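These notes are about the structure you will find just below.
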């Protein structure tokens with residue numbers, strides 16, 4: 633009963649998040665001070681393409697349609713949702729005409745997911761492990777040192793970490809290539825090894841920043857849990873240090889960390905987008921960036937919509953996994 | 007009893023340096039640091055140009071000072087309004103309960119989960135680099151009020167159950183008295199820590215947008231400095247002082263702000279521990 | 012069974028040395044229920060920690076001795092002391108905390124909360140978790156606790172049920188000494204009575220020693236055979252419970268008993284005014300002197316000795332010093 | 367001047383737990399009617415275990431909780447009413463004052479304690495100026511055995527629990543209220559100091575002519591101070607009347623159980639008895655709530671809610687037993703067989 637209630641509430645929230653997110657995306661072009669069609673047209677023309685008057689007119693019509701600016705606001709709004717959810721069709725890419733946007737996104741999304749998933753999981757596990765030690769064994773010199781490192785690493789934004797890594801390992805010590813390049817047939821050994829080799833720096837920059845946050849938050853949690861009565865009683869039970877740290881402190885501290893992970897997904901995703909762009913990593917971020925540079929409106933709308941849905945979905949998944957960690961929600 | 011708080015002290019010293027750099031020094035700048043070809047290009051640091059000059063012939067030091075001013079302005083502007091809105095929304099949700107609570111909580115949760123960057127990118131792309139700093143700040147406020155609101159709501163919920171509020175009410179204190187005398191003293195240091203934290207987040211987001219050239223290209227901020235440096239191949243040209251100075255500035259500024267925000271939190275936690283003893 | 016001689020245990024804190032247990036001598040017998048009474052902050056919980064041999068910094072034994080008679084299984088009795096007693100936790104000596112505090116791990120089922128309280132060398136431990144679970148199930152059944160408790164998490168149980176689980180945990184391996192720290196504080200009276208009766212019944216079955224710390228004199232009257240009264244780190248009086256209630260000797264004990272309101276008796280009751288002294292810098296002489304209505308001049312600077320006033324009835328007060336000498 | 371200082375008429379409070387769609391109902395206070403005569407200042411104890419609804423009842427009298435249904439009257443004036451007859455605002459705060467359980471919670475850690483006392487004197491318009499306020503504050507502090515000079519300028523953490531609770535009592539006296547509602551005022555205080563606070567209530571009752579509603583789980587202090595006692599069980603007042611009679615000759619089996627469970631120092635408990643202390647989970651609206659634990663239970667108790675029986679002129683009990691009523695007679699033949707079988 634409790635669990636069903638929990639699931640239903642979360643799913644309602646999920647639908648609302650996507651609805652409001654997409655609504656914002658819908659209204660942004662419509663409330664911009666400049667006419668998006670004209671500004672897009674201007675951008676295409678300044679790239680030197682010469683067009684006849686009727687060609688310009690045709691282009692304007694195409695763009696108006698692409699922006700979904702035909703008809704009344706209500707019709708536009710309805711059409712927008714229909715396109716997003718029913719037909720799931722964002723039209724052809726304007727810059728890579730006539731490849732459909734869906735296909736381009738389908739190519740980029742796995743890259744982004746792989747990068748985000750692996751680096752977030754690594755940062756979460758390593759950060760929490762060190763934070764647990766730092767909180768439970770707060771007198772150890774090594775755990776204090778790690779905490780201080782985390783304090784200095786955490787506030788640095790993703791793109792700055794990325795830039796420092798680029799300067800250090802691409803320009804000063806050219807260990808990694810200047811441009812992201814993957815060789816070989818998809819999923820061949822050569823492909824995989826070059827993909828991993830090229831992804832090390834982008835992943836590392838996400839791991840470093842996430843690591844700092846998880847260390848600090850886990851340290852705070854586990855040091856306060858170490859003061860709890862049940863940890864004291866575990867010592868009176870005669871449980872060993874390792875057992876207390878895992879079965880008592882960790883099992884209780886990990887619960888809020890799962891919730892925080894769900895809340896942080898949006899922020900991590902933001903950071904990963906910029907990281908991708910700086911490294912030229914072939915994911916959603918770089919694709920969004922290229923779409924902006926090339927005034928590819930269809931592609932831009934597609935990537936942004938998919939981003940919102942992807943983040944909301946991963947948040948939902950984490951939320952739904954939460955009860956498997958916390959008996960207080962699962963059973964009642 | 008004042009215990010030493012090294013984090014807070016270090017943080018305040020660092021921040022003070024940046025306030026001098028960005029808040030006072032720009033008024034003594036000998037020129038508009040943005041204007042091009044005022045000086046020889048790509049000079050290394052010297053007595054005349056403390057941090058050298060850029061590829062565009064700007065003095066890096068004065069440009070940095072000017073950029074810091076803009077970044078600080080965005081940070082403070084966003085943090086002030088986001089904290090203010092967040093605190094009031096959170097208090098309203100916690101104290102009023104019912105429908106206002108549901109609506110505010112839902113909105114806050116949505117804005118926390120929706121990734122802000124794609125929406126900012128969409129906006130900037132439509133404005134083609136002409137987005138004003140104010141407009142970007144407003145968007146940042148929209149995405150940053152939910153964090154304080156969420157926290158404030160839970161504080162308000164616990165406050166509502168705190169007996170001393172009832173004691174004050176039965177001592178004839180009106181709602182405004184209670185707000186000023188009972189509630190504000192309890193949330194003040196928390197709001198300060200949140201304010202400093204939001205300054206950090208706001209500067210970070212704007213600079214992030216700027217680094218990929220999607221913030222205002224007409225104004226200089228720490229992020230746009232990096233953008234121009236990248237655009238003009240400062241990395242390939244190994245002109246480290248140009249790209250390095252905004253990067254180091256951001257790192258120092260953020261560590262300083264972070265130390266202050268955690269310093270304030272631990273200070274108030276200590277005081278609270280002392281108070282309950 | 013347990014012998015304490017002039018035992019002094021202090022907390023070394025940055026603010027100063029807290030003399031929480033200051034010169035306590037008492038011997039605790041087999042097959043008895045000993046009650047330890049006193050106001051909060053008088054050192055009774057610290058004394059219990061010391062008895063349990065849980066000496067963690069900043070708490071340490073400063074002087075005096077503490078030893079226990081440990082039957083080593085071959086019919087011989089060995090004397091063991093601090094540092095050794097903890098080797099025999101749960102089998103020889105066990106501890107029941109106050110269950111209204113959150114001493115149960117909130118994310119672990121009740122049946123699994125017993126694992127860590129089975130010592131490593133115990134044969135049951137070698138048989139594995141399943142064997143322990145079976146024994147726990149059998150034991151809870153014996154104690155007539157509902158079977159659902161086993162699979163429950165702590166938040167699903169009422170305060171009284173949690174305390175019963177803790178009593179079960181403390182008596183699971185049939186230890187010779189059971190220490191209970193405020194086992195019924197913060198529970199409702201009806202539940203409190205049930206738990207106290209359960210404790211007593213188990214003690215009678217196992218014929219072991221039960222030491223109960225409580226601030227509630229009524230609880231002590233109901234369950235303890237002997238009673239020790241602590242004040243500001245010192246033992247001020249101890250003896251058979253009935254003797255203490257019928258003929259309290261120390262003015263502090265007298266006031267504790269007098270201040271108890273009783274249903275059916277509306278005569279004027281007064282509390283003890285003032286507050287206990289700071290244990291970082293306790294006053295010279297008798298520590299109760301400042302609050303004592305019978306205080307004499309020399310009480311403030313001369314410390315009273317513990318003197319015997321009846322069969323197994325001791326008091327530490329100047330009122331009786333002269334009688335004895 | 368009304369006949370009753372405090373009157374509760376069929377007061378109920380239902381809490382909804384959880385959301386609107388999935389929430390469950392919790393009846394915290396269930397159709398409670400009580401009255402406290404105004405003729406003389408008196409002390410009414412509400413005694414119950416945790417979860418009995420006694421604190422909710424206190425919060426309703428203090429207007430901290432709105433009753434779901436029913437009426438509360440202070441001196442004949444209804445509470446929670448906007449209209450002319452209602453008692454509200456400053457008039458209400460002058461008539462009714464609280465004392466809370468934990469004195470450290472009752473004062474903000476960041477505000478000087480004396481500020482609350484001065485505020486009460488000035489903001490409730492008891493004193494016209496600071497000088498008068500000082501006199502009033504000094505007087506109430508003196509009547510609880512404290513000196514203004516020792517209280518002034520200090521924060522809550524600079525007092526002991528007992529001292530702070532005295533200050534709490536002093537504060538509540540400032541507007542010279544007719545009624546003070548004290549919610550478990552001594553449960554956080556060391557046993558040896560409790561009687562000092564409780565005695566204070568007896569003294570203040572005479573000195574200030576103030577009545578008290580004393581919420582407690584402790585039958586012995588309740589007996590010691592109170593003129594009237596209401597026993598609560600699962601939201602219902604199961605027995606109500608003069609304290610002497612209730613606690614020496616109780617009519618409701620639950621009161622009997624409570625009395626029997628107090629760790630008294632008069633006589634020792636019978637050992638090896640089974641106690642009905644394990645809480646029964648289910649809430650049956652259609653039966654006596656105590657039926658599952660009652661040793662006198664009859665078939666009818668499990669079928670209908672008993673009426674509030676008038677045991678004597680001023681005593682009531684929510685039970686079938688006190689009334690001259692033969693449950694066997696009211697049963698159908700089959701039921702009486704069943705109940706006989708159940709007993710054997």
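Chains as they are written, first to last, in the working numbering: chain A, 633 to 964; chain B, 7 to 283; chain C, 12 to 336; chain D, 367 to 710.
Built from N, CA and C at the ideal position, the CB exists for glycine as well.
Keep in mind that this is a model prediction, so the values were computed, not measured.
Original post:
Would you say the beta carbon of residue 302(C) comes nearer than 7 Å to a heavy atom of the ligand ATP?
Top reply: Looking for the ligand ATP in the displayed structure turns up nothing, as the structure carries no ligands at all.
Subject >> Cβ-based neighbour list, residue 696(D), same chain, cut-off 7 Å, excluding 5 preceding and 5 following >> reply: At residue 696(D), the pLDDT of 45 sits below 50, so the modelled position is not reliable; the number obtained from the coordinates is stated separately. Excluding positions up to five away in sequence, the list reads 666.
**OP:** Give me the Cα-Cα distance between residue 312(C) and residue 13(B), rounded to the nearest whole angstrom.
**Re:** 49 Å
Original post:
Does DSSP put residue 415(D) in a helix, a strand or coil?
Top reply: coil
Subject >> Secondary structure of residue 574(D), DSSP reduced to three states >> reply: helix
Original post:
Which of helix, strand or coil does DSSP assign to residue 896(A)?
Top reply: helix
**OP:** Note down, in chain order, all residues in the stretch 180-210 of chain B with a beta-carbon under 8 Å from any beta-carbon belonging to chain F.
**Re:** Absent from the structure is chain F; the protein chains it does hold are A, B, C and D.
Original post:
Is the Cβ of residue 257(C) closer than 8 Å to any Cβ of chain A?
Top reply: no
Subject >> Nearest-angstrom Cα separation, counted from residue 655(A) out to residue 532(D) >> reply: 59 Å
Subject >> chain A contacts from the stretch 103-123 of chain B (Cβ-Cβ distance under 9 Å) >> reply: 112, 113, 115, 116, 117, 118, 119, 120, 121, 122 and 123
Original post:
Is the CB of residue 76(C) under 8 Å away from at least one CB in chain A?
Top reply: no
Subject >> Run of the alpha helix (DSSP H) containing residue 850(A), from where it starts to where it stops >> reply: 821-857
**OP:** Indicate the three-state DSSP secondary structure (helix, strand or coil) for residue 637(A) in the structure shown.
**Re:** helix
Original post:
Name the chain D residues whose beta carbon is nearer than 7 Å to that of residue 178(B)?
Top reply: 456, 459, 485, 486, 489 and 490
Original post:
Comparing the C-beta of residue 129(B) with each C-beta of chain A, is any distance below 8 Å?
Top reply: yes
Subject >> Cβ-based contacts, 8 Å cut-off: residues of the stretch 519-533 of chain D near chain C >> reply: 526 and 528
Subject >> Helix, strand or coil at residue 336(C) [DSSP, three-state] >> reply: Per-residue confidence for residue 336(C) stands at a pLDDT of 41, beneath the threshold of 50, marking its modelled position as unreliable; no derived number is given.
Original post:
Looking only at C-alpha atoms, which of 884(A), 788(A) and 907(A) sits nearest to residue 760(A)?
Top reply: 884(A)
Original post:
Thinking just about the alpha-carbon of each residue, which of 668(D), 629(D) and 618(D) is nearest to the one in residue 677(D)?
Top reply: 618(D)
Original post:
Does the beta carbon of residue 636(A) sit closer than 8 Å to a beta carbon anywhere in chain C?
Top reply: no
Subject >> Secondary structure of residue 245(C), DSSP reduced to three states >> reply: strand
Subject >> Endpoints, alpha helix (DSSP H) assigned at residue 499(D) >> reply: 496-509
**OP:** Closer than 9 Å by beta-carbon distance: list the chain C residues that pair up with residue 618(D), in chain order.
**Re:** Going along chain C, no residue has its Cβ under 9 Å from residue 618(D), so there is no contact; the nearest lies around 14 Å.
Original post:
Counting only beta-carbon atoms, is residue 869(A) nearer than 8 Å to chain C?
Top reply: yes
**OP:** Pull up the DSSP beta-bridge partners for residue 76(C), would you.
**Re:** 16(C)
Subject >> First through last residue of the beta strand (DSSP E) which encompasses residue 90(C) >> reply: 88-91
Original post:
On the three-state DSSP scale, how would you describe residue 674(D)?
Top reply: strand
Original post:
Which chain A residues sit within Cβ distance under 7 Å of residue 214(B)?
Top reply: 789, 791 and 906
Subject >> Residues that residue 157(B) contacts on chain D, provided the C-beta gap is smaller than 9 Å >> reply: Correct list: empty, because the minimum Cβ distance to chain D is about 19 Å.
**OP:** Could you tell me which chain B residues have their CB closer than 7 Å to the CB of residue 967(A), listed as they occur along the chain?
**Re:** Because chain A spans 633 through 964 in this model, residue 967(A) falls outside it and cannot be assessed.
**OP:** Give the interface partners of residue 158(C) over in chain D, defined as CB-CB distance under 8 Å, in chain order.
**Re:** What residue 158(C) touches in chain D: nothing, since even the nearest Cβ is about 13 Å away.
Subject >> With 16 other Cβ atoms within 10 Å as the buried cut-off, status of residue 72(B) >> reply: buried
**OP:** Identify which residue in 657(A), 932(A), 792(A) and 948(A) has its Cα closest to the Cα of residue 253(B).
**Re:** 792(A)
**OP:** Would you kindly check if the distance between the Cβ of residue 184(B) and the Cβ of residue 175(B) is under 8 Å?
**Re:** yes
Original post:
In three-state terms, what does DSSP make of residue 54(C)?
Top reply: coil
**OP:** Taking a Cβ distance cut-off of 7 Å, strictly less, list which residues of the stretch 274-304 of chain C are near chain D, in chain order.
**Re:** 274, 275, 277, 280, 281, 282, 283, 284 and 286
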